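There are 2 protein chains.
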Amino acid sequence: MSYLYLTDFLNLKEISSDLQQELQTCIQVKEVKKGEIIISKGDLKHKKFYVRNGLLRSYIIDSKGREHIYMFAPEGWVVSDLVSLTGNQPAIMFVDALEDSTLEVIDDERIWKLKDRFPELMTSESDRMLRRIAVLQQRVIMLLSASAQERYEAFLTKYPDLIQRIPQKMIASYLGVTPEALSKIRANMSKS
Amino acid sequence: MSYLYLTDFLNLKEISSDLQQELQTCIQVKEVKKGEIIISKGDLKHKKFYVRNGLLRSYIIDSKGREHIYMFAPEGWVVSDLVSLTGNQPAIMFVDALEDSTLEVIDDERIWKLKDRFPELMTSESDRMLRRIAVLQQRVIMLLSASAQERYEAFLTKYPDLIQRIPQKMIASYLGVTPEALSKIRANMSKS
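This is the structure we're talking about:
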């Protein structure tokens, strides 16, 4: 019944059995181990992954060899190098597994072809894109205007269950602060 | 013939005269003066604006009263507080005019209602959202990983004609660097 996860994500409350059957042919279940790299910079024809269980992250490596975390993707999230993928460009990001994970590999081209027959897929897609825009907008605003502590507090509020699952230095990388700054903030917060 | 701008934006190469007529009822032309505020934080029922001529910007004011520029919108861009607008929330951003501008006020609800009859509007919308995601992704990556000089160089490459139209301190705000840092960078670049 693997399609159930994707359809849950698609947020289609009344899904026809026709569409269910079709969607089932658009995904493949994949198990990955902690540390496994799923997309590497330069990959062509990379895919989108829906996280059924586990935790992925996407990140870039800058010209000085430093890692910067773009996104964490726990259960229920979709991760890919969306911009490269849609533009048929080589990936600019890496995606790897922070935990052993069960994924659904999404065949987007195939889903795309279903859109004429199932227009509800378009509405669902535009909802998801808008959610992604909202996340990115919030991220830009935080990076521009919030102090390191405010960023950390916002992260705690938004992803309370991720704090235990992700090493501090990765959270620091996502927030755009140094690990040392994050340690100080945590120390101050536990005092007060 | 105001609809031409909107249809250009929608990137519909073969647009039916039916749809043209309908779209014409979904926009209103509006002239604004330099300095005019078009959306204020807290506004409900704010709108989307397509810039026919001129230049707008969107920005937030943080808890310490500092301005941070989220986006510049020259000719051909659409600006709004998209996330608040779609969620029926009060605006969190301000939008004002950096130049005297001619805008098309877009009645999104009305366009939305056309989608059943003109499914091509959905494709067009998802293209635009994807372009917005691409811009935001690039912005996050720059803010996380690029030096002040790299950010400025990327801005020069991406918006070569904006440099003359926007005060340096606003470019600094957009880039997330201090005006002093930007002055130094410009001085260094003109030397080399």
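One line per chain: the protein sequences are A and B, in this order.
Quick note: the first sequence, position 144, residue 144 per the numbering used here, numbers continuous.
Quick note: the second sequence, position 180, residue 180 per the numbering used here, numbers continuous.
No residue lacks a Cβ here, since even glycine has one placed at the ideal position from N, Cα and C.
Keep in mind the model is a prediction, meaning the values are calculated, not measured.
Could you compute how far the alpha carbon of G35/A sits from the alpha carbon of E99/A? Taking the first residue of the first sequence as position 1, residue 35/A is located at position 35. Taking the first residue of the first sequence as position 1, residue 99/A is located at position 99. Cα to Cα, G35/A sits roughly 7 Å from E99/A.
Classification of M189/A by the beta-carbon crowding that lies within 10 angstroms, buried from 16 upward: Start at 1 with the first residue of the first sequence, and residue 189/A comes out as number 189. With fewer than 16 Cβ atoms within 10 Å of its Cβ, M189/A is classed as exposed.
Length of the line joining the Cα atoms of E75/B and R132/B: Looking up residue 75/B in the second sequence gives position 75. Looking up residue 132/B in the second sequence gives position 132. If I take the Cα positions, the gap works out to 16 Å.
Within this structure, are the beta carbons of F72/B and I166/B separated by less than 8 Å? For the purposes of this step, residue 72/B is identified with residue 72 of the second sequence, where counting begins at 1. For the purposes of this step, residue 166/B is identified with residue 166 of the second sequence, where counting begins at 1. Yes, these two residues count as a Cβ contact at 8 Å.
Answer yes or no: do K78/A and A134/B have a C-beta to C-beta separation smaller than 8 Å? Translated into positions along the first sequence, residue 78/A becomes position 78. Translated into positions along the second sequence, residue 134/B becomes position 134. The question names Lys, yet the displayed sequence has Val at residue 78/A. Not a contact, by the Cβ cut-off of 8 Å.
Are the beta-carbon atoms of L56/A and V95/A separated by less than 8 Å? Counted from its first residue, the first sequence places residue 56/A at position 56. Counted from its first residue, the first sequence places residue 95/A at position 95. For L56/A and V95/A, yes; Cβs fall inside 8 Å.
If you follow the beta strand (DSSP E) that V32/B is in, where does it begin and where does it stop? Position 32 of the second sequence, counting from 1, holds the residue named residue 32/B. In the DSSP annotation of this structure, the continuous segment of the beta strand (DSSP E) that includes V32/B starts and ends at 27-32.
Please state whether DSSP places E67/B in a helix, a strand or coil. One-based indexing of the second sequence puts residue 67/B at position 67. Of the three classes helix, strand and coil, the one that applies to E67/B here is strand, per DSSP.
Selection from S17/B, E109/B, P119/B, F155/B that minimises the alpha carbon distance to G87/B: If you number the second sequence from 1, residue 87/B lands on position 87. Across the set S17/B, E109/B, P119/B, F155/B, the C-alpha of E109/B shows the shortest separation from the C-alpha of G87/B.
CA-CA distance, Q138/A and G42/B? If you number the first sequence from 1, residue 138/A lands on position 138. If you number the second sequence from 1, residue 42/B lands on position 42. Rounded to whole angstroms, Q138/A and G42/B show a C-alpha spacing of 17 Å.
If we define contact as Cβ-Cβ less than 8 Å, is Q137/B a contact residue for chain A? In the second sequence, the residue the question calls residue 137/B occupies position 137. Answer yes: the Cβ-Cβ gap between Q137/B and chain A drops below 8 Å somewhere.
So K169/B and P160/B are in contact, right, with Cβ under 8 Å, and what is the actual spacing, rounded? Mapped onto the second sequence, residue 169/B falls at position 169. Mapped onto the second sequence, residue 160/B falls at position 160. In this structure, K169/B and P160/B do not form a Cβ contact; the two beta carbons are roughly 19 Å apart against a cut-off of 8 Å.
Check distances from the C-beta atoms of the stretch 103-128 of chain A to those of chain B and list, in chain order, the residues that come in under 7 Å. Of all residues in the stretch 103-128 of chain A, P119, M122, E125, S126 have a Cβ within less than 7 Å of some Cβ in chain B.
For R128/B and E153/B, what's the separation of their Cα atoms in angstroms? The residue you call residue 128/B lines up with position 128 of the second sequence. The residue you call residue 153/B lines up with position 153 of the second sequence. C-alpha of R128/B to C-alpha of E153/B: approximately 25 Å in a straight line.
Looking at the C-beta of S2/B, does it have a partner C-beta in chain A at a distance below 8 Å? Here residue 2/B is taken as the residue at index 2 of the second sequence, counted from 1. In this prediction, S2/B scores a pLDDT of 45, lower than 50, which makes its location untrustworthy; no coordinate-derived value is stated.
How long is the line joining the alpha carbons of L44/B and I92/A, rounded to whole angstroms? The residue labelled residue 44/B in the question sits at position 44 within the second sequence. The residue labelled residue 92/A in the question sits at position 92 within the first sequence. Between the alpha carbons of L44/B and I92/A lies a gap of roughly 38 Å.
Quick one: which chain B residues come within Cβ less than 9 Å of A134/A? Position 134 of the first sequence, counting from 1, holds the residue named residue 134/A. Neighbours of A134/A on chain B, chain order: L82, V83, T86, G87.
For a cutoff of 8 Å on Cβ pairs, would you count L98/B as touching chain A? Numbered from its first residue, the second sequence carries residue 98/B at position 98. No, its Cβ sits nowhere closer than 8 Å to a Cβ of chain A.
Counting contacts by CB-CB distance shorter than 8 Å, is I185/A in contact with chain B? Here residue 185/A refers to the residue found at position 185 of the first sequence. I185/A does not count as touching chain B.
By the three-class DSSP mapping on this structure, what secondary structure does E99/A have? On the first sequence, residue 99/A is found 99 positions in, with the first residue counted as 1. Three-state result, E99/A: coil.
V32/A classed as buried or exposed, judged by whether at least 16 other C-beta atoms fall within 10 angstroms: Within the first sequence, residue 32/A is the residue found at index 32, counting from 1. With 16 or more Cβ atoms within 10 Å of its Cβ, V32/A is classed as buried.
If you count every other CB in all the chains shown that lies within 10 Å of the CB of V29/B, and 16 or more means buried, which is it? Taking the second sequence and counting its residues from 1, one reaches residue 29/B at position 29. So V29/B ends up on the exposed side.
Chain A contact residues for G42/B, given Cβ-Cβ distances below 7 Å: Taking the second sequence and counting its residues from 1, one reaches residue 42/B at position 42. Per Cβ cutoff of 7 Å: no residues; G42/B is ~16 Å from chain A at best.
Distance between L144/A and Q164/A (C-alpha atoms, nearest Å): Locating residue 164/A in the first sequence gives position 164, where the first residue counts as 1. Locating residue 144/A in the first sequence gives position 144, where the first residue counts as 1. One C-alpha to the other measures close to 26 Å.
Kindly say whether R66/A, judged by its beta-carbon, lies nearer than 8 Å to any beta-carbon of chain B. To locate residue 66/A, count along the first sequence from 1; it is residue 66. Chain B, which has a Cβ nearer than 8 Å to the Cβ of R66/A, makes this yes.
Report yes if the CB atom of S183/B is closer than 8 Å to the CB atom of E67/B, and no otherwise. The residue you call residue 183/B lines up with position 183 of the second sequence. The residue you call residue 67/B lines up with position 67 of the second sequence. Against a cut-off of 8 Å, the Cβ pair of E67/B and S183/B comes out as no contact.
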